[in-house]
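Numbering (the UniProt record's numbering), first residue to last: 1 to 231.
Step one of this worksheet: look at the structure below.
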Amino acid sequence: MKNKILSMKKKRLDTDISIILSITGVVFLLYIFFQGNITAYLKNTDYNLLIRTIMASALQFGIAGLGICIVIIFRKENFHGYGIKINNMFRAILLSIIPILPYILLKTINGEMSGYLPFKYVLHTREWIELGLPGNVVGFCIIGIVWGFFEPFNYVVICKKINERWSYPNLFLSLGPLLCGIFSLLIHGLFTINLENLFIFFIIYGMLVVSEKTKNAWGCILIFIFLWNAI
């Protein structure tokens, strides 16, 4: 009976992981196929900024967010079960800073620190800044939710699903953080092995180890908002 229950749980996790990766893959392939037209439209300032931001956000959410939301709703789960809670929040935040320190040090040594700005690498951030208050509040809310919350939370959910499916006693060697770190490099087109890419891998790997250890995801989310996407 116990083996049957375990087998059913593994099949459920297989289905969950397949749904998430399939949706991510389909949206990503659509973007690759129509990349020229999509990019040209998103960068064309003759078109409405809000519409362009919504389109870019929908694409980003399709790659990192839609799949996990479908699974969470279908399984009648909730965000709390994936670390969106108060317990251990401050510990998770403090420990999550450690994995990004080597990356910050490398950028400082290489003279690549070009100022601090949350979401500086998101396509429409600077356009919204130029728009000024209060008009840019809506734009920053959209960007914050999609790139600041769902992108890191997507890693948290996938990591947890993988670790539950292929459990390993040593958290540092568990498949979830390792595979998500590799996945992050591949999805961002970072195929070469160099020091910067290794440090990027370490950011994803490290923050997910912390999330799994503390059972709290806020460290991952705040790292994405205030550090990795801001320096």
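A virtual CB, placed ideally from N, CA and C, is assigned to each residue, including glycine.
Remember, predicted model here, so these are calculated numbers, not experimental data.
- Query: Can you give, in chain order, each stretch of the alpha helix (DSSP H) that sits fully within the region 94 to 180 and has at least 4 residues?
  - Reply: Whole alpha helix (DSSP H) segments, 4+ residues: 101 to 109, 125 to 131, 137 to 143, 151 to 165.
- Query: What does a CB cutoff of less than 8 Å around Pro152 pick up in its chain, not counting 5 residues either side in sequence?
  - Reply: Met207, Ala217, Cys220, Ile221, Ile223, Phe224
- Message: Quick check on Asn163: buried or exposed, where buried means 16 or more other Cβ atoms within 10 Å of its Cβ?
- Response: buried
- Query: Ile203 by DSSP, collapsed to three states: which one?
  - Reply: helix
- the ligand NAD heavy atom lying under 7 Å from the CB of His124: Summarising the ligand content, the structure contains no ligands, and the ligand NAD is consequently not present.
- Query: So, helix, strand or coil for Phe34, using DSSP?
  - Reply: coil
- Message: In whole angstroms, give me the CA-to-CA distance for Glu130 and Phe226.
- Response: 20 Å
- Limits of the alpha helix (DSSP H) - the one that residue 234 falls within: Because the chain is modelled from 1 through 231, residue 234 falls outside the range shown and cannot be assessed.
- C-beta contact flag for Lys209 and Ala92 at 8 Å: Position check: residue 209 holds Val in this sequence, whereas Lys was assumed. No. Outside cutoff.
- Message: To the nearest angstrom, how far is the alpha carbon of Tyr168 from that of Gly83?
- Response: The straight-line gap from Cα to Cα measures roughly 20 Å.
- Helix, strand or coil: which one does DSSP assign to Ala217? coil
- Item | Contact set for Gln60: own chain, Cβ-Cβ below 6 Å, skip 5 residues either direction | Val146
- Item | Continuous alpha helix (DSSP H) stretch holding Thr53: start and end | 49 to 63
- For Gly144, the nearest candidate out of Ile158, Tyr155, Lys120 (CA to CA): Lys120
- Span of the alpha helix (DSSP H) around Gly67: Secondary structure note for Gly67: its alpha helix (DSSP H) is the uninterrupted segment 66 to 74.
- Taking the C-alpha atoms as reference points, what is the distance between Ala56 and Ile97? 28 Å
- In chain order, what residues of the same chain lie with their CB nearer than 8 Å to the CB of Ile17, ignoring the 5 residues before and after it? Taking Ile17 as the centre and dropping the five residues before and after it, the same chain places the C-beta of Ile158, Lys161, Ile162, Arg165 closer than 8 Å to its C-beta, in chain order.
- Compare the C-alpha of Val71 against each of Ile23, Thr53, Leu49, Ser114 and name the closest. Ile23
- Give the C-beta separation of Ile100 and Ile203 to the nearest angstrom, bearing in mind that I take them to be a contact with Cβ-Cβ under 8 Å. 5 Å
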